[in-house]
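In UniProt numbering, the protein residues as written are 1 to 86. To keep things clear, I will list the structure first and then write my remarks on it.
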């Protein structure tokens, strides 16, 4: 064993999250459901959905602003007196 390093199984047991598995996750879900009730959880999920939607909308608006800036800088920059020569 390399000095200063722990085997991965020891490290997982120290963190305490390595051996949860499906039954543990189901038990946690049932406890959360009992504590908070279905109404609060569905309301929370609705708020999460609204947050994700607004995040995506903000990303799209930011991309549009960047595209507009690029389009503006790519406009014709030929001096006015040289435009008549074409």
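C-beta atoms are modelled at their ideal positions from N, C-alpha and C, and glycine is treated no differently.
Query: Quick test of your reading: residue 106 and residue 33, contact by CB under 8 Å. State the CB separation rounded to the nearest angstrom.; Result: Residue 106 lies beyond the stretch modelled for the chain, which goes from 1 to 86, so this question has no answer here.
Query: Among the residues of its own chain, which have a CB less than 8 Å from the CB of residue 60, if the five just before and after it don't count?; Result: none
Query: Can you give me the start and stop residues for the alpha helix (DSSP H) that residue 59 sits inside?; Result: 21 to 73
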